[in-house]
Amino acid sequence: MKSYREEVWFETQSRRDYINITPQVQSAVQKSGVKEGLCLVNPMHITASVYINDDEQGLLKDYDDFLERLVPHEPISKYRHNNTGEDNGDAHIKRQVMGREVVAAITNGKLDFGPWEQIFYAEFDGRRRKRVLIKIIGE
Amino acid sequence: MKSYREEVWFETQSRRDYINITPQVQSAVQKSGVKEGLCLVNPMHITASVYINDDEQGLLKDYDDFLERLVPHEPISKYRHNNTGEDNGDAHIKRQVMGREVVAAITNGKLDFGPWEQIFYAEFDGRRRKRVLIKIIGE
Amino acid sequence: MKSYREEVWFETQSRRDYINITPQVQSAVQKSGVKEGLCLVNPMHITASVYINDDEQGLLKDYDDFLERLVPHEPISKYRHNNTGEDNGDAHIKRQVMGREVVAAITNGKLDFGPWEQIFYAEFDGRRRKRVLIKIIGE
Chain B
163 MKSYREEVWF ETQSRRDYIN ITPQVQSAVQ KSGVKEGLCL VNPMHITASV YINDDEQGLL
223 KDYDDFLERL VPHEPISKYR HNNTGEDNGD AHIKRQVMGR EVVAAITNGK LDFGPWEQIF
283 YAEFDGRRRK RVLIKIIGE
Chain Z
163 MKSYREEVWF ETQSRRDYIN ITPQVQSAVQ KSGVKEGLCL VNPMHITASV YINDDEQGLL
223 KDYDDFLERL VPHEPISKYR HNNTGEDNGD AHIKRQVMGR EVVAAITNGK LDFGPWEQIF
283 YAEFDGRRRK RVLIKIIGE
Chain P
163 MKSYREEVWF ETQSRRDYIN ITPQVQSAVQ KSGVKEGLCL VNPMHITASV YINDDEQGLL
223 KDYDDFLERL VPHEPISKYR HNNTGEDNGD AHIKRQVMGR EVVAAITNGK LDFGPWEQIF
283 YAEFDGRRRK RVLIKIIGE
């Protein structure tokens, strides 16, 4: 069994952002040398998500509107977590709604995806350096 | 290490539907010959979910009511994604709420499940041919 | 390839509860002898979640408030599932919002986590014995 590990770092300019990281994951799969296996991709932070969906600008806005309507950032005082002095209570909840991680199949040395599947890093508390873990196992 | 891959196709008659696919996944586990390992099941489309829960008709209606209340299909114009000419903006969001994929343990050659765990394919933009990927690795 | 399986049992005193199970999972990783691999953690029940986030008391209350606002336990009659005689229709939906399972990377024989990642068992229909499955594969 082979295994491979890589970290990819991000620093978004806005509090929330949605970044297509499929090229970085594809590159990791290639470097791993794994032909048949599984690829786990997850943020190493708890106010961000990795998810799979469409790379379409309107949809990214729809996600952001949906999440902000469901779990508004303000008023900050709404979230008990913010009593710790932080202001990211909403981000911890948004991340749960969008999910933490993605597990993708590797077949014939490539991500085994349908035509529209793209891997995104969703940042809900950005403007600082944060990272994603790619872990691959297989043969 | 062994690996196994199978696609299962669906075409629902209504826009949204919830289909128990446990028999197909069990069959794939058996065909794989894997005794100890992991089984990934995911739609290869971005407007559908694979999830694990109860096969109870009332609950399936509860899920559908909950999702349609949270992310209504209409008005179509509510979703920027639909400016592309599509009408499935809601389906991309519903799929995120229900999740994309399931990873299940395989032990002694069988899905290692509690008594009520059943694998479902949830379709949010149906009436066309769509497929689910089953990928198994282990020994 | 090595594999390891363990069940961990819980019985919460209240209907809903959030329990940090990271120590139990770390212990299982150690017992598995796996240095590089993947660790799946999932409830074997369909009214509970395993998720990764912060061990902060205010946040746990925020999660509970959010879920109860989104999917209130009462009125019981609101959920068709409860026509079966059960009263846990809300719990089946809350579990979907928080997710079923977690897949974590194992690197150098340890959970490959960022500084704040903690694994939680979220119970939405407690006061009875329920269990979590830990399944580890790797080398």
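Protein chains in written order, with the numbering used here: chain B, 163 to 301; chain Z, 163 to 301; chain P, 163 to 301.
Built from N, CA and C at the ideal position, the CB exists for glycine as well.
### Query
Shorter than 8 Å from the beta carbon of L273 of chain Z to some beta carbon of chain B?
The beta-carbon of L273 of chain Z is placed no less than 8 Å from the nearest beta-carbon of chain B.
### Query
Which residues, in chain order, does the region 267-291 of chain P contribute to contact with chain B at a C-beta distance below 9 Å?
Using a CB distance below 9 Å, the part of the region 267-291 of chain P facing chain B consists of A267, I268, T269, D274, F275, G276, P277, W278, E279, Q280, ordered along the chain.
#### Entry: Cα-Cα separation, K197 of chain Z to R290 of chain Z
Taking the Cα positions, K197 of chain Z is about 35 Å away from R290 of chain Z.
### Query
So what does DSSP say about N204 of chain P, is it helix, strand or coil?
In this structure, N204 of chain P counts as strand in the three-state DSSP scheme.
### Message
Given this structure, state the Cα-to-Cα distance separating E218 of chain B from A253 of chain P, to the nearest angstrom.
### Response
Whole-angstrom Cα-Cα distance: 33 Å.
### Message
Can you check whether the C-beta of R178 of chain Z is within less than 8 Å of a C-beta belonging to chain B?
### Response
For R178 of chain Z, the answer is no, since every Cβ of chain B falls outside 8 Å of its Cβ.
### Task
Take I238 of chain Z and list the residues in its own chain whose beta-carbon comes closer than 8 Å to its own, dropping the five residues that flank it on each side.
Only N244, D249, G251 meet the Cβ criterion.
### Task
Ignore the nearest five residues each way along the sequence and tell me which others in D179 of chain Z's own chain have a CB closer than 7 Å to its CB.
Non-local C-beta neighbours of D179 of chain Z in its own chain, meaning closer than 7 Å and more than five positions away in sequence, comprise E285, G288, ordered along the chain.
### Task
Report, in whole angstroms, the separation of the C-beta atoms of N204 of chain P and V294 of chain P, which I expect to be a contact under 8 Å.
Between N204 of chain P and V294 of chain P, the beta carbon gap of about 7 Å places them in contact (Cβ cut-off 8 Å).
### Task
Output, in chain order, the set of chain P residues within a Cβ distance shorter than 8 Å of K223 of chain B.
Chain P residues near K223 of chain B: none, gap ~22 Å exceeds 8 Å.
### Task
Please go through the same chain and pick out, in chain order, the residues whose beta-carbon is closer than 7 Å to the beta-carbon of I255 of chain Z, but skip the five residues on each side of it.
Cβ within range, chain order: V233.
### Task
Examine chain B for any beta-carbon lying closer than 8 Å to the beta-carbon of I214 of chain P, and answer yes or no.
At least one beta carbon of chain B lies nearer than 8 Å to the beta carbon of I214 of chain P.
### Query
Given that M260 of chain Z touches chain P, what residues does it touch there, using C-beta distances under 7 Å?
Those are Q258, listed as they occur along chain P.
### Query
Which residue comes first and which comes last in the beta strand (DSSP E) that contains S165 of chain B?
Boundaries of the beta strand (DSSP E) harbouring S165 of chain B: 164-172, taken from the DSSP string.
#### Entry: Range of the contiguous alpha helix (DSSP H) that encloses K297 of chain Z
Counting along the chain, K297 of chain Z falls outside any alpha helix (DSSP H), though it belongs to the beta strand (DSSP E) covering 292-300.
### Message
Quick check: L200 of chain Z and L200 of chain P, are their CB atoms within less than 8 Å of each other?
### Response
The answer is yes: Cβ separation under 8 Å.
### Message
the ligand MG and N244 of chain P: does any heavy atom of the ligand fall closer than 7 Å to the residue's C-beta?
### Response
This structure does not include the ligand MG; it has no bound ligands of any sort.
### Task
Taking 8 Å as the cut-off, decide whether the C-beta atoms of V191 of chain P and V265 of chain Z are in contact.
Inclusion of V191 of chain P and V265 of chain Z in the CB contact set at 8 Å is not warranted, their separation being larger than that value.
### Message
Can you tell me whether G247 of chain P is buried or exposed? The criterion is at least 16 other CB atoms within 10 Å of its CB, across all chains shown.
### Response
With fewer than 16 other Cβ atoms within 10 Å, it is exposed.
### The alpha helix (DSSP H) enclosing Q258 of chain P, as first and last residue numbers
Residue range 251-260 is occupied by the alpha helix (DSSP H) that includes Q258 of chain P.
### Query
Shorter than 8 Å from the beta carbon of T174 of chain B to some beta carbon of chain A?
No chain A appears in the structure shown, which is made up of the protein chains B, Z and P.
### Query
Who are the neighbours of V233 of chain P on chain Z, taking C-beta pairs under 8 Å?
Among the residues of chain Z, those whose CB is under 8 Å from the CB of V233 of chain P are F228, following chain order.
### Message
Less than 8 Å between CB atoms is the rule here; does L200 of chain Z satisfy it with respect to chain P?
### Response
Yes, because at least one Cβ of chain P sits closer than 8 Å to the Cβ of L200 of chain Z.
### Query
When we look at the beta-carbon of E169 of chain Z and count the other beta-carbons within 10 Å, is it buried (16 or more) or exposed?
Answer is exposed; the Cβ neighbour count stays below 16.
### Message
Rounding to the nearest angstrom, what Cα-Cα distance links E301 of chain Z and Y283 of chain B in this structure?
### Response
Rounded to whole angstroms, E301 of chain Z to Y283 of chain B spans 32 Å at the Cα level.
### Message
In this structure, how does DSSP classify G276 of chain Z when only helix, strand and coil are distinguished?
### Response
For G276 of chain Z, the three-state secondary structure derived from DSSP is coil.
### Query
In angstroms, rounded to a whole number, what distance separates the CA positions of P185 of chain B and K223 of chain P?
Distance between the alpha carbons of P185 of chain B and K223 of chain P is about 38 Å.
### Task
May I ask which residues mark the beginning and end of the alpha helix (DSSP H) holding D224 of chain B?
Run containing D224 of chain B: 219-232, per the alpha helix (DSSP H) assignment.
### Burial state of K297 of chain Z, where buried means 16 or more other Cβ atoms lie within 10 Å
The residue is buried, with at least 16 neighbouring Cβ atoms inside 10 Å.
### Query
When DSSP labels each residue in this structure, what does T269 of chain B get in the three-state scheme?
In the structure shown, T269 of chain B sits in a strand (DSSP, three-state: E or B).
### DSSP state of I281 of chain Z mapped onto helix, strand, coil
I281 of chain Z: strand per DSSP, three-state reduction.
#### Entry: Chain-ordered neighbours of G251 of chain P on chain Z, where CB pairs are closer than 8 Å
Under the 8 Å cutoff, chain Z gives G220, L221, D224.
### Query
From what residue to what residue does the alpha helix (DSSP H) around S194 of chain B run?
For S194 of chain B, the enclosing alpha helix (DSSP H) begins and ends at 184-194.
### Message
Judging by CA-CA distance, which residue of B:R231, B:R262, B:Y213 is the nearest neighbour of W278 of chain B?
### Response
Closest option to W278 of chain B, Cα to Cα, is B:Y213.
### Message
Less than 8 Å between the beta carbons of S194 of chain B and Y166 of chain B, yes or no?
### Response
Yes. Within cutoff.
### Query
By how many angstroms is the C-alpha of R262 of chain B removed from the C-alpha of Q175 of chain Z?
Taking the straight line from one Cα to the other gives about 32 Å.
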